[in-house]
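Residue numbers (the working numbering), protein chains in the order written: chain A, 777 to 1192; chain B, 777 to 1192.
Protein chains: 2
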Amino acid sequence: MRLSQLFTKTRKEVSTDETSKNAQLLIKSGFIYKEMAGVYAFLPLGLIVIEKIKAIVREEMDNLGASELSMTTIQSKDLWQKTDRWDDKNVDVWFKSELKNGSEIGFGWSHEEPITNMLRSYISSYRDLPVYVYQFQNKLRNELRAKSGIMRGREFLMKDMYSFSSDEDKHKSFYDNTITAYNKVFDRVGIGKDTFLTFASGGAFTQFSHEFQTLTDSGEDVIYLHRQKKIAVNKEVLTSEVLDQLGLKREELEELKAAEVGNIFSFGSIKTDQLGLSYVDVDGKTRPVILGSYGIGISRLMGVIVELFSDEKGIVWPENIAPAKVYLARIGENNEVITSADMFYKVLTDKNIEVIYDDRDIRAGEKFADADLIGIPYRVVISDKTLKSGLIEVKRRKEKESTNMSEKEFIKKLAT
Amino acid sequence: MRLSQLFTKTRKEVSTDETSKNAQLLIKSGFIYKEMAGVYAFLPLGLIVIEKIKAIVREEMDNLGASELSMTTIQSKDLWQKTDRWDDKNVDVWFKSELKNGSEIGFGWSHEEPITNMLRSYISSYRDLPVYVYQFQNKLRNELRAKSGIMRGREFLMKDMYSFSSDEDKHKSFYDNTITAYNKVFDRVGIGKDTFLTFASGGAFTQFSHEFQTLTDSGEDVIYLHRQKKIAVNKEVLTSEVLDQLGLKREELEELKAAEVGNIFSFGSIKTDQLGLSYVDVDGKTRPVILGSYGIGISRLMGVIVELFSDEKGIVWPENIAPAKVYLARIGENNEVITSADMFYKVLTDKNIEVIYDDRDIRAGEKFADADLIGIPYRVVISDKTLKSGLIEVKRRKEKESTNMSEKEFIKKLAT
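Laid out in structure tokens, this is it:
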């Protein structure tokens, strides 16, 4: 990507009403645009990051044997009345509107109900189970306060997966596999060591649900972490009874701020019963279907990553989800520099290495500032000076010093 | 993809309230699910087709030099009031709701306003122009009637592109390039020869806008087509004045039903003026920015394709957007057949050939019926009989007769 052709520009200031670090940095660097509080558009660089996170999540969900689909935003009132989640007293984040004929509709803030109802068309026998499905969907939630940038949106992208199993054991086994898959996701996007499985209250069906909480001062949650055991409990289940049960001692736990990046939940057969989804087993008996629900907030995840990986100069993207691997800055506008930089840009892109090529006619200092702000893992400089030495100048975003190496050495380094 | 692991099943009947052919076929074959009139979910096979269409459109838009982004569904009232498109008297398809603080919001049915407004942050000088941006977005439109399946949705997927140019000539040149790109898209998805550039009324700024209309009896529009010249006019501009201007004679035109699959529109500087987007030219003068808007209804396109390419047995997908290239049916459940079919499935998938592998233990007739209904370009049979001959049985969906050939020959045939 040539920066001269990208319409976004970095900026030094953002509006003072934007108080969250993630949104400030992402707006300054041109990844997102604020439409209103809690409502952000993804500009080209931001969309690339989102798609990279989605690709990782998609791979891990596919590995679980789940199928991707895409449910609708518009939701029918009837369906949610059956499970008592239509009334604003029970669910306080609905956006609602109405059709021309006056019938009320809602805008999807979650999808257990429509997916369960849809599967009534496809599940009737034990042979039809299990079913695992997931989607990436823009959820709409009428949040009272939305002050955490893309960490809490009124409109946000979520991966939501749903499992439908024939019994408790099979459900449990998929639930546990999902924990493993989620840990892989968080490892791959770079927050694995800061993210902890956290016991939360489970509702009517199971004692616990589980959250994946990432340590960050910007988080809206508080967790109680046992570092050695790598598990945590959240505030709502911090009781001596629960601690005993989990073999934890209160004095061994650290109280820490954290952001929920994923959560998984067993609904048992409550919802499937309410909506009339059951199956006939091998003996001809009608049995309940066990539902599990598994979320990862994709745009929130991006926000949390920015909170974790930044310094005073800007974002420091983990390599797997950076919008490009290399920021190629050409310094100087004479023919030799331009030709060499153009050529190296072509060499890299021909090797499918993603490059942001800063081909703008601006000062070196501005280019370096933008490279740091945008947060690309490797900065490469081609200038009169480097041309004379026959080497290029390479600096990692995470490091202070640059090193000189041949183009070949650099490409080899990227491959390792 | 193993059919034994796909939760969707084909069905013989659909609800009688579904009158459109495209939705009937897509529901029967398990591509879509009807949430309510005009609101359809995309099940795994349907999502694959949608993604294939998107990939083609994305490639052609990228070739035009446009950048992909993703604007928001939630829209602010203020913005649309500035252009007089908030009031239901002017725009009758708004879904509206409100935030907790009582302020009204709308749900995006189009995005000229927010994109123009966003670009005020990035365009100020002639050096910042042109800007071409596009997105794939779920549009929400409160349609009074929604009876054409996925051809007219209350919620539907659209590719919308916007161009911002410094003058009329540059705008015109991009506008013309887009016509070429759109023709490529329609060629590649298989409806090129049935799709015609159609003159439509242009509004305040230009005399004409342009639609891309595909001939189909299921279409909601009527066009007047000159077959030799490959252009058409729609009803609203069918006047003797326009015909003279375009060099057409009324008696040479055929009156035909058609569906609009794309449309392109010049807004001039009307909207950019209303929203305050201008630029300073090389002489320091403030100048208006010229806006163009270019849509392709992605889910509608899928519907139109199904209307065009089907027979009494089901859908006949054009190869470029079929959910798979090969439907591999194994007939017989003995070890030899299973092993051979499993192996050929692996051979094909290793070669990145997309296969729907019918590994279900059901009758041959059911498999053949499903292969036809789902509409995969090539059906391959492996059975006791084919194993004896050392050949596989290959039938194209479009043809009646099957032919026998070696696995090698088949793979070679696919590559041509």
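Here a beta-carbon is modelled for each residue, glycine too, at the ideal position from N, C-alpha and C.
On a predicted model such as this, the values are computed, not experimentally measured, just so you know.
Going by DSSP, which residues form a beta bridge with residue i?
i, result
"Leu973 of chain A", "A:Phe988 and A:Ile1007"
"Asn1180 of chain A", "A:Glu1169"
"Met812 of chain A", "A:Val815"
"Ile771 of chain A", "Residue 771 of chain A cannot be examined here, being either before or after the span of chain A that is shown, 777 to 1192."
"Lys872 of chain B", "B:Gly882"
"Val909 of chain A", "A:Ser843 and A:Tyr938"
"Tyr1055 of chain B", "B:Arg1063"
"Arg1155 of chain A", "A:Tyr1103 and A:Lys1171"
"His1002 of chain A", "A:Ile1007"
"Gln851 of chain B", "B:Gly882"
"Lys1033 of chain A", "A:Val998"
"Tyr1121 of chain B", "In the DSSP output, where bridge partners are listed per residue, Tyr1121 of chain B has none listed."
"Lys931 of chain B", "The identity of residue 931 of chain B in the sequence shown is Glu, whereas the question assumes Lys. According to DSSP, Glu931 of chain B bridges with B:Leu916."
How would you call residue i, buried or exposed, if buried means at least 16 neighbouring beta carbons within 10 angstroms?
i, result
"Ala976 of chain B", "buried"
"Arg921 of chain B", "exposed"
"Arg964 of chain B", "buried"
"Met1078 of chain B", "buried"
"Met847 of chain B", "buried"
"Thr1062 of chain B", "exposed"
"Arg1139 of chain B", "exposed"
"Glu1088 of chain B", "exposed"
"Val1058 of chain A", "exposed"
"Arg1076 of chain A", "buried"
"Arg930 of chain A", "buried"
"Ser873 of chain A", "buried"
"Asp1148 of chain B", "buried"
"Asn1010 of chain B", "buried"
"Gly1023 of chain A", "exposed"
"Gly841 of chain B", "exposed"
"Arg917 of chain A", "buried"
"Gly1060 of chain B", "exposed"
"Glu987 of chain A", "buried"
"Asn1110 of chain B", "exposed"
Excluding the 5 residues preceding and the 5 following residue i in the sequence, name in chain order all residues of the same chain whose CB lies nearer than 8 Å to its CB.
i, result
"Ile808 of chain B", "Ala799, Leu802, Tyr816, Ala817, Phe818, Leu819, Gly822 and Ile926"
"Tyr898 of chain B", "Asp904 and Val907"
"Met1181 of chain A", "Leu1167, Ile1168, Val1170 and Lys1189"
"Thr1125 of chain A", "Val1131"
"Phe1144 of chain A", "Ala1105 and Arg1155"
"Phe1120 of chain A", "Leu1104, Val1156, Ile1158, Ile1168 and Glu1183"
"Trp862 of chain B", "Lys853, Trp856, Trp870 and Gly882"
Return the chain-ordered list of same chain residues with a C-beta closer than 6 Å to the C-beta of residue i, the five sequence neighbours on each side being excluded.
i, result
"Thr982 of chain B", "Ser1042"
"Asp1134 of chain B", "Leu779, Ala1105 and Lys1143"
Between residue i and the rest of its own chain, which residues show a CB-CB distance below 7 Å, the 5 nearest in sequence each way excluded?
i, result
"Asn866 of chain B", "Asp860"
"Arg1026 of chain A", "Leu1019"
"Val961 of chain B", "Ile832, Val833, Glu836 and Ile1072"
"Asp864 of chain A", "Trp870"
"Val1080 of chain A", "Met927, Ile967, Thr990, Thr992, Ala1035 and Val1037"
"Ile1046 of chain B", "Ala980 and Phe981"
"Ile1129 of chain B", "Lys1101, Val1102 and Leu1190"
"Ser1165 of chain A", "Asn1180"
"Ser791 of chain B", "none"
Notebook entry, point to check: Are the segment 863-881 of chain A and the segment 945-956 of chain A in contact at 8 Å, needing three or more beta carbon pairs?
Noted result: Remark: fewer than three beta-carbon pairs, one from each stretch, lie closer than 8 Å, so the segment 863-881 of chain A and the segment 945-956 of chain A are not flagged as touching.
Item checked: Proximal residues, the segment 829-854 of chain A versus chain B, C-beta separation under 8 Å -> So the close ones are Gly841, Ser843, Glu844, Leu845, Ser846, Met847, Thr848, Thr849, Ile850, Gln851 and Ser852.
Margin query: Below 8 Å, how does it come out for the segment 893-904 of chain B and the segment 787-796 of chain B: are there three or more Cβ pairs, yes or no?
Written below: Too few Cβ pairs lie closer than 8 Å, so no.
Check: How about the segment 882-901 of chain A and the segment 1046-1056 of chain A: do they share at least three Cβ pairs that are nearer than 8 Å?
Finding: The segment 882-901 of chain A, when compared against the segment 1046-1056 of chain A, does touch it at the 8 Å Cβ threshold.
Next item on the list: Residues of the segment 805-819 of chain B with a CB closer than 9 Å to any CB of chain A: list them in chain order, please.
Entry: For the segment 805-819 of chain B, the set of residues with a beta-carbon nearer than 9 Å to any beta-carbon of chain A comprises Gly806, Tyr809, Glu811, Met812, Ala813, Gly814, Val815, Tyr816, Ala817, Phe818 and Leu819, in chain order.
Check: Should the segment 1156-1166 of chain B be regarded as contacting the segment 1103-1113 of chain B, the criterion being three or more beta carbon pairs within less than 8 Å?
Finding: Yes, since at least three Cβ pairs between the segment 1156-1166 of chain B and the segment 1103-1113 of chain B fall closer than 8 Å, the two stretches touch.
Check: Closer than 8 Å, Cβ to any Cβ of chain A: which residues of the segment 898-917 of chain B, in chain order?
Finding: Going along the segment 898-917 of chain B in chain order, one finds Tyr898, Ile899, Asp904, Val907, Val909, Asn914 and Leu916 with a Cβ nearer than 8 Å to chain A.
Next item on the list: Determine which residues of the segment 1102-1134 of chain B have a Cβ less than 8 Å from any Cβ of chain A, and write them out in chain order.
Entry: Of all residues in the segment 1102-1134 of chain B, none has a C-beta nearer than 8 Å to a C-beta of chain A.
Next item on the list: Spell out a yes or no on whether the segment 1028-1042 of chain A and the segment 999-1008 of chain A are touching, meaning 3 or more CB-CB pairs, one atom from each, closer than 8 Å.
Entry: Taking 8 Å as the limit for Cβ pairs, the verdict is that the segment 999-1008 of chain A does touch the segment 1028-1042 of chain A.
Next item on the list: Could you list the residues in the segment 779-791 of chain A with a C-beta less than 9 Å from some C-beta on chain B, going in chain order?
Entry: Listed by position along the chain: Gln781, Leu782, Phe783, Thr784, Lys785 and Arg787.
Notebook entry, point to check: Would you call the segment 1086-1095 of chain A and the segment 838-854 of chain A touching, i.e. three or more CB-CB distances under 8 Å?
Noted result: Contact between the segment 1086-1095 of chain A and the segment 838-854 of chain A is absent: fewer than three C-beta pairs spanning the two stretches fall below 8 Å.
Check: Listed in chain order, which residues of the segment 923-937 of chain B have Cβ atoms closer than 7 Å to some Cβ of chain A?
Finding: Cβ contacts with chain A: Arg930 and Glu931.
Margin query: Can you pull out the residues from the segment 860-875 of chain B whose beta carbon lies closer than 7 Å to at least one beta carbon of chain A?
Written below: Under the 7 Å Cβ criterion, the segment 860-875 of chain B contributes Phe871, Lys872, Ser873 and Leu875.
Check: What residues in the segment 1006-1025 of chain A have a beta carbon less than 8 Å from any beta carbon of chain B?
Finding: Going along the segment 1006-1025 of chain A in chain order, one finds no residue with a Cβ nearer than 8 Å to chain B.
Checklist line | Near-chain A residues of the segment 883-899 of chain B (beta-carbon distance less than 8 Å), N- to C-terminal order | finding: Under the 8 Å Cβ criterion, the segment 883-899 of chain B contributes Phe883, Pro890, Met894, Leu895, Ser897, Tyr898 and Ile899.
Next item on the list: Note down, in chain order, all residues in the segment 1137-1158 of chain A with a beta-carbon under 8 Å from any beta-carbon belonging to chain B.
Entry: Of all residues in the segment 1137-1158 of chain A, none places a beta-carbon less than 8 Å from a beta-carbon of chain B.
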